Every structure is written in structure tokens, then in C-alpha cells.
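Below: the structure, in C-alpha cells.
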Amino acid sequence: MRFPLTSARRLGLPRRAVSQILLTQLAIAAGVAVLATGLFLAPLSAQLDDQAMRRALAIAQSAAADPALAAGVLSSGPSADGPVQSSAERIRRATGAEYVVVLDLHGIRRSHPSTDRIGLPVSTDPSDALAGREVMEIDEGTLGRSARGKVPLLAADGEIVGAVSVGIAYDSVRDRLLGAIPGLLAYAGGALAAGALAAYLLSRRIQRQTRDLAFSDIAGLLAEREAMLHSIREGVIALAPDGRIRLVNDEAARLLGLAPDGADGCAGRPLEDVLGAGRTADVLSGRVTGRDLLTVQGPRVLVANRMPTEDGGAVATLRDRTELEHLGRELDSTRGLIEALRAQDHEHANRLHTLLGLLELGLHEEAVEFVTEVAGVHRTTAEQVTEKVHDPLLASLLVGKAAVAAERGVPLRLAGSTLLPDRLVDPGGLVTILGNLVDNALDAAAGSAAPLVEVELRAEGRTAVLRVRDSGPGVPAARREEIFTEGWSTKQPRAHRERGLGLALVRRLAERQGGSARAGEAADGGAEFSVVLPEALR
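Quick note: the sequence shown, position 131, residue 820 per our numbering, numbers continuous.
See below:
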């Protein structure tokens, strides 16, 4: 099987699906690790800045709370060896700050780490702190970039006499940030390694499930599968392990009588919800096992086979056997007619010999009576049928069945209440129903002590009522529903077709017309089958 080259092939990427998936997962894992590291570092930098500014503000607040600073600002001028410079330097060395600057109301420095700057104005605007507001900021000053905290300096009476500005060197903040990076990278590397291992294990599992195929191979197989499923003339239904439908091809939708868009609408639904309870659902779901199982769905006779899949689901195939079944029944009818004709031929030869003997003996009157009697029997049978059954198809069927019954030694008679006008909507369906019931009745009555089959056909308004009684052994009450199941039969199967479909077809045809088919017990023993077809007459 050959497939066209893909873009991945042209770009030099691995052709196997598992390799492409592994590389993709590794790239995703690496990208996620880098993104997570960046997302972690961004708020970490802001958090470290905030911590540094809060620390500077706390130092400034502690320094401003020292009454000696306010008193020194009021009592002395700017001086490198004054009390304000001494206190500020003591606080700076104790806290590790970069600088502790005390300024008066005019913004003149009273302390500074560089003594030559004492007595000069500050480099940044002190108005907020001198106005009584505390300030936190990252700013550039004479000592470089720093995290700053500024607070007002209050005298004993609460009057603002200056401000205290404390700076934390920004280099220390950057050092803390850079110091956190190795540990963060170690965690990210560990996460990347775990992700790579998980990606490798997942890719190995995918390799086993995809049979190490390339993406182009998988795409080609899917395309071929879709084309095959929708082109073959055999119904295919795929089922999931939980009994839900995975797919239905066009032929299966047609055979099962689903709507034109039913193939797409069935996916994901339970099998019983789509088909309803019955033998077809039992066969497809695996509750009935075997090969070439027969089932009836609507007017169709289907042959079903089911094959389980590795994941616990199954694939079922359906073949239409309706036409073959009809041909088989026509063959049965033809064989019956041939047997009847053979028997009549043999009987006709005997009658001719009898007639010849009467003529040779000179018994001409007896010969005339004999011919009249023989001809009258056949004419009477046909006349009796056509007088009560006006539909030509049904009348022809009954005349033919009467000949077959006579050859088998089973009288076939019409009930006295029989009267059916020639106004049938579907005479072909009624022929199928009556033919199946009469064949079964003849088989059942053939071995009885006083064989008899009685047929009743009558109309009640637009409803057709059909009853067939026989003198056979009858049907036990416990099995009167079971006999209408596809495949159920007490007879040996014939070479050209399966048994057990006749009564199933009778019930399906009756139900399709809104009627019913039931089995019961005849008045004199034996079985009685009743079929009621509403709206069967025009």
C-alpha cells in the first residue's frame, strides 16, 4: 500500500506517528516549563521589589520614631559630626540599609553616608513626606537605583520638622532574584524530565495501539475505510463495548429501515433505542450466538454475523435474503404443484383406464356417468372457492392448495362464514400470509387420525379477518408467542433455505398493516391461527 508524501516528510521530520507525537510532546513540555518559569519570575521580581520597599519604609519609620533625630534637627545645623549624622549612621549600619538620610523642612540633608553631601538639597522631591505622607518607591538617586521608603519626622508636639528617607540598594534585590533562578530552573528541569518521561511512555502506548503507522498511513486507512463502508453492498454495524452504536453504513441503514440520515443520527445511541427490542437487537448485541443467523426486520429477511473486537465491542454484518427467501418459497410452491400434477397425472391415467374398460365392455351409460362425476368434482371445488373468495389471487392460491391437500390426503375446505370481496388493498401480502398458514396447517394435519384443514376469510367493514384451523397436535399455550420468533421451527431445514421464517413473516406483515397475528386452540383440538388486518379493504 503506497501513500503520498506528507509535509512532515518534506521538512525532514520523522515519518512515524509515534516519533512525531513524542517530539510534539517534548516541545510542549519544554514550552510549558519555560512559560511557567517566566510566569513565576515576573511576579517574583515584583514581590522582591515590594519587600525591599516595605523594608526601607519600616526602617524609616523606626528611625523617625527616635526623638533624638527630631531634637537634633531642631537644635543643630547640618554637620558631619553632629548628633543627627551619628544617629543615622548607627541605624544604617544596624539595619544594612544603603543610606539613612534625615532632611529638614527645606529639603537640606542633615545626614548622608557621604559626609560631603551633608548640607546639600536632596536629589529627589521630598514634598510628599514633608506633607505628612509615607512614600514607597523605586527611584534613581545620587547613590544609584534603590528601593526607598520616606516618612515624615515629627517633633514631640507632633509638628513636622523634616523627613527620614531610607534606601535599600537595588543590587541586593537583583541578587536575590538571580539567586532564586538556579533553584527555579532545577524545579523546571525536574518537571521537564517528568514530562519527557510521561511523553515517552505515552508515545510507546500510542505506538502499540497504532501498530507503528505513520500519520499518512492512518489517514489513508481511514479514507479507505469510509469509502469501503459506504460502497459495499453489505450492511455493517460497529458496536462499542457498552452496546452503543459506533457507526452504521448506508446499506445497513437501508436494510434496517432507518431514516435517510439515520446512519449519522444513530452514532452514540444504544442499539435497543434504535431498533427496539426483538430478535434483530438480540442477534446484533450477541445475546443470540451462531453463524448466519436469520432475523426479520420490517419486510426484510436478513442474515446476520457478528465478530467481537479486541476492545470488547463488535462488528456485525447484514445480508439481504428477502429475495432468496421469496424464491425459496416460490420453489416450494412449484414443487408442491409439480407433486400435485404428478399425482393428478397418475390419477388421470387410472381414470382413463377405467373409462376405456367401461367402453370396451359396452357400458356406455356408466362411462358417461363416470366422466360427469370426475369433471364435476374439480369444477365444484373451483366454483366453491370463487363464489366465496372474489379476489383472483387468493382464489387461485386456494384452488392450488386444495389440489396439493388432496394429493396429501388432507381435505381442505372453506368455512361456511367465508366471504371476501375483491376490494383488497394489498392482495399480495394476504397471499403470503395465507400461503404460509395453509402450508403449516397441511404439515401439522398430515399425520393426524382425521386430517382436516379449514380456512375462513371474511370482511368486517374494511377489516379482513383470516383464520386457519388444522387437526394437528396444536400449539402449547406456553409456546404460542415463541413460534412467531425468527428461526424457531420443529421441522428439519431444507437444502435451499432455512426454516422458521414463515410465521415471523406472517406477524411482521400483519403488524406492518396495523393488524395482529395470534395462535390459539381450535374447537375440536389442533391449532387455530388468526390474523386481523384493519383497513385491508378499500
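Positions of the beta carbon are idealized from the N, C-alpha and C atoms, including for glycine. In this text, all values refer to a predicted model and were calculated from it rather than measured experimentally.
DSSP state of residue i mapped onto helix, strand, coil
| i | result |
| --- | --- |
| I797 | strand |
| P1110 | coil |
| G1118 | helix |
| F692 | Any reading at F692 must be qualified, since the residue scores a pLDDT of 38, below 50, and its modelled position is unreliable; the value itself is stated next. Note: F692 maps to coil in three-state DSSP. |
| E1049 | helix |
| R743 | helix |
| I921 | coil |
| D1159 | strand |
| G884 | helix |
| S854 | strand |
| R1165 | Checking the sequence, you will find Pro at residue 1165 rather than Arg. Three-state DSSP puts P1165 in coil, outside helix and strand. |
| E1171 | helix |
| E1187 | The predicted model places E1187 with a pLDDT of 48, which falls under 50 and marks its position as unreliable; any figure quoted below should be read in that light. E1187: coil per DSSP, three-state reduction. |
| P959 | strand |
| T1043 | helix |
| S1137 | coil |
| A1225 | coil |
| G946 | coil |
| A929 | coil |
| T978 | coil |
The beta strand (DSSP E) enclosing residue i, as first and last residue numbers
| i | result |
| --- | --- |
| Q986 | L982 to Q986 |
| R995 | R989 to P997 |
| V1228 | There is simply no residue 1228 to check, as the chain begins at 690 and stops at 1227 in what is shown. |
| D1009 | A1003 to D1009 |
| A1104 | Premise fails: A1104 is in no beta strand (DSSP E) and is neither H nor E. |
| S974 | Unbroken run through S974 is the alpha helix (DSSP H), R968 to S974; no beta strand (DSSP E). |
| V937 | I934 to V937 |
| R1147 | V1142 to E1149 |
| E848 | Looking at the DSSP string, E848 is not in any beta strand (DSSP E), and its letter there is neither H nor E. |
C-alpha gap between residue i and residue j, whole angstroms
| i | j | result |
| --- | --- | --- |
| V1251 | G979 | With the chain represented from 690 up to 1227, any question about residue 1251 goes unanswered, as that position is not in the structure. |
| E848 | Q740 | 30 Å |
| P1165 | E1072 | 37 Å |
| T1152 | S1106 | 15 Å |
| L1146 | P1110 | 10 Å |
| K1077 | L1108 | 5 Å |
| P693 | A912 | Its pLDDT being 42, under 50, P693 is placed unreliably in this model, and the coordinates cannot settle the point. |
| E1187 | N1039 | Caution applies to E1187, whose pLDDT of 48 falls short of 50 and renders its modelled position unreliable; the value that the coordinates give is listed next. If you take the alpha carbons of E1187 and N1039, they lie about 38 Å apart. |
| G796 | A783 | 25 Å |
| E1217 | A1104 | 13 Å |
| Q774 | S768 | 7 Å |
| A1225 | R968 | 27 Å |
| E1049 | L1041 | 12 Å |
| D770 | L737 | 35 Å |
| P1162 | L960 | 39 Å |
| G686 | D755 | This structure does not reach residue 686, given that the chain is present from 690 up to 1227, and the question cannot be answered. |
| Q1181 | I1172 | Legend: pLDDT at Q1181 = 49, less than 50; position of this residue unreliable, no value from coordinates given. |
| R1057 | R1010 | First, the amino acid is wrong: residue 1057 is Val here, not Arg. Taking the straight line joining both Cα atoms gives about 53 Å. |
| L1047 | V1060 | 11 Å |
| A883 | I934 | 38 Å |
Beta carbon of residue i nearer than 9 Å to that of residue j
| i | j | result |
| --- | --- | --- |
| P841 | E823 | yes |
| P1087 | P1116 | With the sequence shown as reference, residue 1087 is identified as Leu, and Pro is not the correct amino acid for it. Cβ distance not < 9 Å, so L1087 and P1116 don't count as in contact. |
| G838 | R743 | yes |
| A1094 | L1131 | yes |
| D1080 | L1113 | yes |
| V985 | L1194 | yes |
| S800 | V790 | yes |
| A1135 | G1089 | no |
| V977 | D971 | yes |
| V1142 | L1101 | yes |
| A942 | C955 | yes |
| V1220 | G1204 | yes |
| A747 | S776 | no |
| L819 | L794 | yes |
| A716 | L881 | no |
Below-9 Å beta-carbon distance, residue i vs any chain C residue
| i | result |
| --- | --- |
| E1224 | Here chain C cannot be found, since the structure has a single protein chain. |
Alpha helix (DSSP H) segment containing residue i, residue limits
| i | result |
| --- | --- |
| E1096 | P1081 to E1096 |
- Which runs of the beta strand (DSSP E) spanning at least 3 residues fall entirely within the stretch 756 to 841, listed in chain order? 788 to 793 and 824 to 830
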